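The first sequence begins at 35 in the working numbering and counts up one residue at a time. No residue lacks a Cβ here, since even glycine has one placed at the ideal position from N, Cα and C. Quick caveat: nothing in here was measured; it's all calculated off a predicted structure.
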Amino acid sequence: MIDKNYAPQEIEQKWYAYWLENKLFASKPNPEKEAYTIVIPPPNVTGVLHMGHMLNNTIQDVLIRKARMEGKEACWVPGTDHASIATEAKVVAMLKDKGIAKSDITREEFLKYAFEWKDKYGGIILDQLKKLGASCDWDRTRFTMEPSLYQAVIDTFVRLYNKGLIYRGVRMVNWDPQGKTALSDEEVIYKDVQAKLYHIQYPLVDGSGSVTIATTRPETIMADAAICVNPADERYVHLHGKKVRIPLIDREISIIPDEYVTLDFGTGCLKVTPAHDLNDYELGLKHKLPVIDILNDDGTLNEKAVLFVGVDRFEARKRIVKQLTEEGYLTKTDEYKSTVGTSERTGAVIEPKLSLQWFMKMEEMAKPALDNVMNDNIQLHPAKFKNTYRSWMENVRDWCISRQLWWGQQIPAFYLEDGTVIVAKDKKEALRIARDKYQLYALVEDDLTQDPDVLDTWFSSWLWPISVFDGIENPDNDEIKYYYPTNDLVTGPDILFFWVARMIMAGYEWRDELPFKNVYLTGIVRDKQGRKMSKSLGNSPDPLELIERFGADGVRSGLLFSAPAGNDLLFDDKLCEQGRNFSNKIWNAFRLLRGLEVVPGASLPEHVLATAWFTSKLNQTIIDVQDDFSKFRISDALLSIYNLVWDDFCGKYLEIIKPAYQSPIHADTLRDALSLFDSLMRLMHPYMPFITEEIWQVIDERAEGESICKAEFPIAGPVDAALVAQFDVVFEVVTKIREIRNSKQLSPKLALALHIKAENQAAYAPVEAILVKLANLESITFVADAVADAQTFVVKADQFFVPLANDEDPAVVKAESEKELAYLQGFKKSVEAKLANEKFVANAKADLVERERQKLADAETKIQSLQELLARLG
RNA sequence: GGUCUUAUAGCUCAGCUGGUUCAGAGCACCUGCCUUACAAGCAGGGGGUCCUAGGUUCGAAUCCUAGUGGGACCA
């Protein structure tokens, strides 16, 4: 006997091993078939699976499994990202625990440790994905730092440098004092903070008083280059060109006028600090002010600060405030709401810093990337992200691509002793160029020094859809030609610019073609209070534990029950519980069919009819599901299937064909039912791969190595709308009778008699047996007149009577019927009004008008029946 | 501050090109059932001013405008 509760753990393990063993996820170019390709958004190599990955990868798996079943050559490429900042931080921390400082070891030693660490802890996340059922082609697993992908990055750098798209220059960049590296604009997260606005007096050199400036960063006064006022500000006109002394250090600076200053902010006097603020920097350029950088790379103050040398910037702020107060320079402190940029990876407060870095020009590359999204060559789902995408692409700024780290692709720029830069794929090539270009024939490799910096992680990720198929190194290979462009990309909107936009740029740059046709943007998984899931809040469930509790199928369907594209998902265990219950429901439906005793023979006519009815429902659902998928409504498609399986198949179809207790089922009926079950399993397989495989394998004889993974996805046949309508009437009647039973508190075991006053008695003949069974009737009798002492109801135009001693207050019964009548009369009136409206008849579509006429006719017959009923009630 | 987006049942959301009297699903809730596939279940039920105010239209949850409250991105 099969267990009545579905136990997923063993089953999941068994089938995943089977799938791998039989290479069911493996793909290779097959010209006979259409390719369907997804590249995984590579998770950080040292990351662990979180709920966002679960959602994201479930969606990818649903898409890829469906494509595979539809006979496409489905290829899902997995892999990991080296995540330079995050991983380097982890390796540094690991070394620190061992008592090793990064500064004490060489680059080579560090990288050795880093690779060891990666080999030990990296890729855990990929094993976790297997638990989820992810059908990746694991033989294709790639890593952004492996030799071939590393080389692709180097080649890209050289190519773009030679095209003049990459340059090196001193610019104001976002400096992360904790990671001690520059960051791109996109890696800076702005946060609201409650800051203080300090009002500081600067004495005039001529002794005629002082000016007061307002600043949130008093520790930068030592870097001041000027005081700036708006020329239109009458308060300060007399001060233009005068000099003030910076408090505490007594350095003299000028007061200059510039329209940049806002009159009504603070005091209207702005301290200009070109080294530590982007706007001040530009103001400084305009007025040729000196740049005085008082900060070290780690955020401590340097000698140029004069005061607090070696002290951290935040500590220095506290101390300088204290000193300014003591010496009477600080006149006022206001509370001030402000925003501060922080590092996406380390969380440290970003310092704008003037620094020599490598940049990529974005304007030219952004153009095809923008155009091809706006014209829908590449579709974003949901489309609302097109707006956000456009505004970003239209305002794109040059990309700072160098990072002061060791873990990553080292920039292929080589310097001669005099600082001359040679960009080449390796030192040998650089030497050749140096010799040829500068006639430096005596030069040897040791005379060249490679740039110590590495490239931004995204500078490798943006090549991912191409580089996983070696399309950069070997652009004409069979794989890239077959699999590229890929089809769908599934990712979060938070990396739309970091990653998606740049992949599109890289696609057009390298292959003059889009990298994927659709981008499905998932929402963020939040907890049920709407908070983002995070380690520090501890509100993120452990995905593997969820799988343990609810089964992978349960978790997958649970996540998708409420995950419309682009909308955040408020996660609750409850959803997975619902998914698990669904697994169990399917399991028990199958137990029922498996447990039946079979006798040879043809199906009863009502069973044949029920099979035809359910087939229509199934076909309709397949049509709906395909429509949903075409619009990336993955969640809606699942709900359609859920309702079909639970309500129509289990609740109705199985109840109709289920034989009485200990009675056998006819072989033909069982065959039909199992055939439908088989279709349902195939329809559901993309969502619930494990349980569907388990059942599919025993529904019928299967060959060794065969799998539902490669079985055909159901194809919709015809839908018999009339039959569906007829069954709707049956179910409505059944519900009414059950309602009577419930309200009278009668046992479901008590068979009732039913009398029908029907317009068309013959219409009931084929479904009588079904009515008897579902409503538990002892008899159906057709009558010409009303039946006394009976519970009555009307469906369509027909009247139904269930003879029961009527102990209800006739007035109540009458009131209810009158209420229904009034409703129908109102309905009729509104439809009549509509049809009498010439503009409606003239403007509305013909079939709509026809439907309205039908509605009117139906309402009229029903009203008539109700009136008869009421007449009898007196 | 700018741009975009959103507001529907207690909760999470559907409602697709305006057209069933359209107000719907799941969960939650209430009532009754351990009816031999499933209590992780079955039968039935209650519940909404479709944010507010205008407008367009024969007709508005759906389109437009303004306001209010959320959210996202950008600075």
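In the displayed model, residue 710 falls within a helix according to three-state DSSP. Taking each of 350, 321, 323 in turn and checking the Cα distance to residue 335, the smallest one comes out for 350.
The DSSP-derived three-state label of residue 811 is strand. Judged by DSSP secondary structure, residue 200 falls within the beta strand (DSSP E) whose first and last residues are 200–210. In chain order, 414 place their CB closer than 6 Å to the CB of residue 420, counting only its own chain and leaving out the 5 sequence neighbours on each side. Contact check between the stretch 159–177 and the stretch 96–113: three or more CB pairs, one atom from each, fall below 8 Å, which counts as touching.
Non-local beta-carbon contacts of residue 308 in its own chain, meaning distances under 6 Å to residues more than five positions away in sequence, involve 259, 314, 315, 318, 323, 325 in chain order. Taking a contact as a CB-CB distance under 8 Å, the pair residue 493 and residue 435 counts as one, their CB atoms being some 5 Å apart. When C-alpha distances from residue 127 are compared across 147, 142, 141, 115, the shortest belongs to 147. Here residue 800 has 643 as same chain residues with Cβ atoms under 6 Å from its own Cβ, once five neighbours each way along the sequence are excluded. Counting other Cβ atoms within 10 Å of its Cβ, residue 390 stays below 16 and is therefore classed as exposed. Here the alpha carbon of residue 116 sits roughly 7 Å from the alpha carbon of residue 442. One alpha carbon belongs to residue 383, the other to residue 547, and they sit about 39 Å apart. Residue pairing from DSSP places residue 550 in a beta bridge opposite 520. Taking the Cα positions, residue 810 is about 21 Å away from residue 822.
Burial is judged here by how many other beta carbons sit within 10 angstroms of a residue's own beta carbon; residue 718 has at least 16 and is buried. When rounded, the separation of the alpha-carbon atoms in residue 588 and residue 745 is 22 Å. Here residue 262 carries a strand assignment [DSSP, helix/strand/coil]. Cβ contact annotation for residue 778 (same chain, cutoff 7 Å, sequence separation greater than five): 838, in chain order. Around residue 907, the same chain offers 844, 847, 848, 851 as residues with beta carbons nearer than 8 Å, after the five sequence neighbours per side are excluded. Between residue 559 and residue 133, the gap from beta carbon to beta carbon reaches 7 Å or more. Taking the CA atoms as reference points, residue 61 sits about 24 Å from residue 668. Judged by beta-carbon spacing, residue 796 lies beyond the 7 Å limit of residue 653, meaning their Cβ atoms are not closer than that value.
Annotation: the continuous alpha helix (DSSP H) that includes residue 640 extends over 639–664. A straight line joining the alpha-carbon of residue 68 with that of residue 106 spans about 5 Å. Burial state of residue 424 is exposed, judged by a 10 Å Cβ sphere holding fewer than 16 other Cβ atoms. By the Cβ rule, the stretch 76–83 does not count as touching the stretch 190–202, because fewer than three pairs are nearer than 8 Å.
Fully contained in the stretch 317–377 are the following beta strand (DSSP E) runs of length 3 or more, in chain order: 364–377. Contact between residue 403 and residue 535 holds, since their C-beta atoms are separated by about 6 Å, short of 8 Å. Scanning the stretch 579–644 from its first residue to its last, the whole alpha helix (DSSP H) runs of 4-plus residues come out as 586–595, 607–629. Assigned with DSSP and collapsed to three states, residue 107 falls in strand.
Exposure of residue 664 is indicated by the presence of fewer than 16 other C-beta atoms within 10 angstroms of its C-beta. The three-state secondary structure of residue 670, taken from DSSP, is helix. Contact annotation: residue 176 and residue 502 have beta-carbon atoms nearer than 7 Å.
Under the 10 Å beta carbon count, residue 784 is surrounded by fewer than 16 other beta carbons and is classified as exposed. Shown here, residue 269 sits in coil according to DSSP, grouped into three states, outside any helix or strand.
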